[in-house]
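Step one of this worksheet: look at the structure below.
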Amino acid sequence: MTSRRTIVFQGEPGANSHIACREVYPDHEALPCATFEDAFAALQNGEADLGMIPIENSVAGRVADIHHLMPTSGLTIIGEFFLPLSHQLMAIKGASLATVKSAESHVMALGQCRNIIRKLGLKAIVGADTAGSARLVAESQDPTRAAIASRLAAEIYGLDIIAENIEDEAHNTTRFVILAKEGEWAPANNGPTVTTFVFRVRNVPAALYKAMGGFATNGVNMTKLESYQLDGEFFATQFYADVDGHPDDPALKLALEELSFFSKEVRILGVYPAHAYRIALRA
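Just so you know, we're using the numbering used here here: the sequence shown kicks off at 124 and counts up by one.
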């Protein structure tokens, strides 16, 4: 009898990443990790088979830590998942909107619920994650403290939801990438595909403009391009990009060749099937 496969996530039981794990891999055992570094280490050490890692949110933007961890992790992106989020304001039994004075949650969740925090005059308190904040509020038994987390977290930690669906925007959605240590590229010519890579351009005039030119001239759609500093240096910039297509597609192959000519380094982090949510947005 084989042991059950595992998938790690950052946070505590009831976190949105936990929900994403259950949605995509209901047959896997979901293992909580205190930090993203711990989740990556579990994959690198072979303690887990897969990782469900949030990378960006439609309201609050990118999850910055991930861009620094992924390029040097040796892990491969094998898939993506888009999870529409609905945040709940929760407190201990007997508490109400009249008693709570603070709202605790992950910084991303707080950023996605600014309007109600301001409207209710609550003090925003940054926690390690949404579900962990719910646990701390439950343990405190303090009617002045509330947490912003999922319905699952309220159920797990025995909290009452005192305000429902408090996110600022109805389109509030988090995109996750699914990581594996021994991941393989999705096969070519097998439906819509996303290629994710990082690169560093050469120190020559207009290097980025020239490096990007190949994607334009070959008709490759770039859906994401972000820059961030390396090693605390203002002039050592790495770029993170997502493009439609497979590296074996003639157009993308030519674009990547041109990118390589103007870059010090190009590293593909994953070639994986486009999620249905992404496809639906383009329909």
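We put the CB at the ideal spot given by N, CA and C, even for glycine.
Buried/exposed call for residue i, threshold 16 Cβ in 10 Å
i: S219; result: exposed
i: E203; result: buried
i: V324; result: buried
i: A257; result: buried
i: G314; result: exposed
i: A232; result: buried
i: H229; result: buried
i: R127; result: exposed
i: E292; result: exposed
i: A311; result: exposed
i: T340; result: exposed
i: P294; result: The displayed chain sequence assigns His, not Pro, to residue 294. By the 10 Å Cβ count, H294 comes out exposed.
i: N180; result: buried
i: D150; result: exposed
i: G169; result: exposed
i: G306; result: buried
i: Y148; result: buried
i: V72; result: Coverage of the chain is limited to positions 124 through 406, which leaves residue 72 absent and any answer about it impossible.
i: A399; result: exposed
Contact belief for residue i with residue j at Cβ below 8 Å, rounded distance in angstroms
i: R274; j: F205; result: Incorrect: roughly 19 Å between the Cβ atoms, too far for contact.
i: L198; j: K304; result: 6 Å
i: V118; j: D367; result: Outside the displayed range of the chain (124 to 406) lies residue 118, so it cannot be described from this structure.
i: E349; j: H190; result: 7 Å
i: I200; j: L302; result: 6 Å
i: L375; j: A334; result: About 14 Å separates the two Cβ atoms, so there is no contact after all.
i: T316; j: P396; result: 6 Å
i: A269; j: V223; result: 4 Å
i: P155; j: I279; result: Actually they do not touch by this definition, with Cβ atoms about 11 Å apart.
i: F385; j: A330; result: 5 Å
i: V260; j: L282; result: 7 Å
i: Q361; j: P194; result: 7 Å
Distance CB(residue i)-CB(residue j) smaller than 7 Å
i: Q235; j: V182; result: yes
i: A138; j: A277; result: no
i: I215; j: Q264; result: yes
i: A164; j: Q133; result: no
i: L208; j: I271; result: no
i: T129; j: E160; result: no
i: V131; j: A171; result: yes
i: A226; j: A251; result: no
i: L378; j: F338; result: One detail in the question is off: residue 378 reads as Ala in this sequence, not Leu. It is a contact, given that the beta carbons lie within the stated cut-off.
Any non-hydrogen atom of the ligand NAP closer than 6 Å to residue i Cβ
i: A399; result: Of ligands this structure carries none, so the ligand NAP is not represented either.
Beta strand (DSSP E) segments (min. 3 residues) lying fully within the stretch 202–246:
211–214 and 225–229
My parser needs the alpha helix (DSSP H) runs of 4 or more residues fully inside the stretch 306–368; what are they?
330–340
Closer than 8 Å is the cut-off here; do at least three beta carbon pairs connect the stretch 387–398 with the stretch 314–321?
yes
Looking at C-beta atoms only, is the number of pairs between the stretch 156–176 and the stretch 278–291 that lie closer than 8 Å three or more?
no
Ignoring anything shorter than 4 residues, give me the alpha helix (DSSP H) runs that lie fully in the stretch 258–295, in order along the chain.
274–280
Can you check the stretch 126–179 for any alpha helix (DSSP H) of at least 4 residues that lies completely inside it and give the ranges in chain order?
139–147 and 159–167
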